[in-house]
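K.L.:
Residue numbers (our numbering): 945 to 1402.
#1: Could you check whether residue 1383 and residue 1361 sit closer than 9 Å to each other, using their CB atoms as the reference points?
#2: Check residue 1106 in the structure and name its three-state DSSP category.
#3: Rounded to whole angstroms, what is the Cα-Cα separation between residue 1225 and residue 988?
#4: From residue 1359 to residue 1339, what distance separates their C-alpha atoms?
#5: Tell me whether residue 1302 sits in a helix, a strand or coil according to DSSP, three-state version.
#6: Among 1283, 1075, 1198, 1128, which has the Cα closest to the Cα of residue 1236?
#7: I need the DSSP call for residue 1029, collapsed to helix, strand or coil.
#8: Any idea if residue 1124 is buried or exposed, counting beta-carbon neighbours within 10 angstroms, 16 or more meaning buried?
#9: Could you tell me which uninterrupted alpha helix (DSSP H) segments, each at least 4 residues in length, are contained entirely in the region 1142-1187, listed from first to last along the chain?
#10: Which residue comes first and which comes last in the alpha helix (DSSP H) that contains residue 1320?
#11: Can you name the residues that DSSP bridges to residue 1296?
#12: Restricting to Cα atoms, I'd like to know which of 1057, 1391, 1090 is closest to residue 1156.
#13: Taking the beta carbon of residue 1028 as the centre, do at least 16 other beta carbons fall within 10 Å, making it buried, or is it exposed?
#14: Alpha carbon to alpha carbon, how far is residue 1405 from residue 1216?
#15: Can you list, in chain order, the residues of its chain whose CB lies under 7 Å from that of residue 1133, leaving out five sequence neighbours each side?
#16: Between the Cα of residue 1298 and the Cα atoms of 1243, 1347, 1186, which residue gives the shortest distance?
#17: Based on Cα-Cα distance, which residue from 1327, 1229, 1374 lies nearest to residue 1353?
#18: Report yes if the CB atom of residue 1003 is closer than 9 Å to the CB atom of residue 1273, and no otherwise.
#19: Can at least three beta-carbon pairs, one atom from the region 1048-1056 and one from the region 1079-1098, be found at a separation below 8 Å?
#20: Once you ignore the five residues that flank residue 1150 on each side, which residues in its own chain have a CB closer than 7 Å to its CB?
#21: Which same chain residues end up closer than 7 Å to residue 1348 when comparing Cβ atoms and leaving out the 5 residues on each side of it in sequence?
#22: Taking buried to mean at least 16 other C-beta atoms within 10 Å of its own C-beta, is residue 1325 buried or exposed?
#23: Go ahead and label residue 1214 buried or exposed: buried means 16 or more other beta carbons lie within 10 angstroms of its beta carbon, across all protein chains shown.
#24: Exposed or buried, which one is residue 1025 when buried takes at least 16 other CB atoms within 10 Å?
#25: Which residues does DSSP pair with residue 1232 in a beta bridge?
#26: Should the region 1302-1321 be regarded as contacting the region 1332-1346, the criterion being three or more beta carbon pairs within less than 8 Å?
#27: Quick one: what's residue 1354 bridged to in DSSP?
#28: Straight-line CA distance for residue 1375 to residue 999?
#29: Considering only residues of the same chain and omitting the five flanking positions on each side of residue 1220, which have a CB-CB separation below 6 Å?
#30: DSSP three-state call for residue 1454: helix, strand or coil?
#31: Output the boundary residues of the beta strand (DSSP E) element that contains residue 1332.
#32: Assign residue 1209 to one of two classes, buried (16 or more other C-beta atoms within 10 Å of its C-beta) or exposed (fewer than that).
#33: Sort 1287, 1154, 1141 by Cα distance to residue 1181 and report the nearest one.
#34: Whole angstroms are fine: how far does the CA of residue 1061 sit from the CA of residue 1198?
#35: I need the DSSP call for residue 1274, collapsed to helix, strand or coil.
#36: Would residue 1279 be called buried (16 or more neighbouring beta carbons within 10 Å of its own) or exposed?
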């Protein structure tokens, strides 16, 4: 059985370039059993006999970014030559007219992105989110107004407002049209969302595509119209993963069976366990979040930013027990002067950012269908551990939030492992292959460099 372990350390960052490694490099501050310096925290026990949630994957979104170039898609989705992303979130462009006469040319960029993702990673899952229904079906009220601030909305009725209940059935058919458009072009959508951030109202000041839904409105639509869909329904994609947004639907016997995935975003919130959704057997996905570089949105992320992202992913898997983690934009759009993408703005020779490296330490080695397994979650201060297995692979992810090297011991139960090859991200570079380490009697000790993320592979 092949084994992988991922470890991360946190501390001060560096502005050194990130990038994919190739070839074996020296210890780099890490070391095999009994090697290296640093303190020795309590041993980690990992039990590969006790499975927790299934992992659907890790990914990002191409919403509003247009079509990826072939080099960009490879850098993002290839498990061999890129970050190995296994989930793509696409946007449903609202362009079109009533009567199902949709301007499908507005959907071709995202179709191309989906086709490239699946070509580069055959295990990739694709799901779609709408930011707004077609404008012709929307209206507004005092409690659910259109956005009227400055800067102005790009198109009247596009920002804010709500879906007229008279068009609930039309909207279901519209979403199914998108499903069928992708299907007819070789892409089977894994799922479709009914609305992006229904609780982020026009009053909050967004001047982009959006639509407000109350929890009761979502329940009504799901109960009466969601059966039109032939793929998994995802909802509610709340801005701050607010459970109240889904509760009426999950409490409604006429609606709850039509929901496959309860999803949310982490803006202004932290990962937490969604008891009701879990008790109902629903998948729980984190479908959008990003972190701004500590030095500011216009700055490049550094190793400290990468470690912040790695810890959030860890908390999403362990505390929230989410089945999927999906970052926001996959690449840095040079028109927006923001640097929270997973790869840089190059279209011909894209390189991963430190955010990409952090996610890549998970996504490149943990594919859809793996399960999380029981592990000592917090063996000592600033150290956090999670474990995964599937498809003849073992994976252990540990985060050291301190700034000093650590001699960390791992005791593996219900697994036979003899040696591992580490892959490592530090301020000097991302996903760099290291020299192999020996595992003896189900145990090994490895000196983790300060401020590092390490993935061990047998």
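For every residue, glycine included, the Cβ atom is placed at its ideal position computed from N, Cα and C.
These numbers come from a predicted model, not from an experiment.
P.N.:
Short version:
#1: yes
#2: strand
#3: 30 Å
#4: 11 Å
#5: helix
#6: 1283
#7: coil
#8: exposed
#9: 1159-1169
#10: Per DSSP, residue 1320 belongs to no alpha helix (DSSP H) and is neither H nor E.
#11: 1287
#12: 1090
#13: buried
#14: No information on residue 1405 is available, as it lies outside the stretch 945 to 1402 that the chain covers here.
#15: 1070, 1071, 1072, 1123, 1126, 1175
#16: 1243
#17: 1327
#18: no
#19: no
#20: 1091, 1103, 1144
#21: 982, 983, 1394
#22: exposed
#23: exposed
#24: exposed
#25: 1209
#26: yes
#27: 988, 1388
#28: 21 Å
#29: 1194
#30: Lying outside 945 to 1402, the shown extent of the chain, residue 1454 is not represented and no answer is given.
#31: 1327-1334
#32: buried
#33: 1141
#34: 36 Å
#35: coil
#36: exposed
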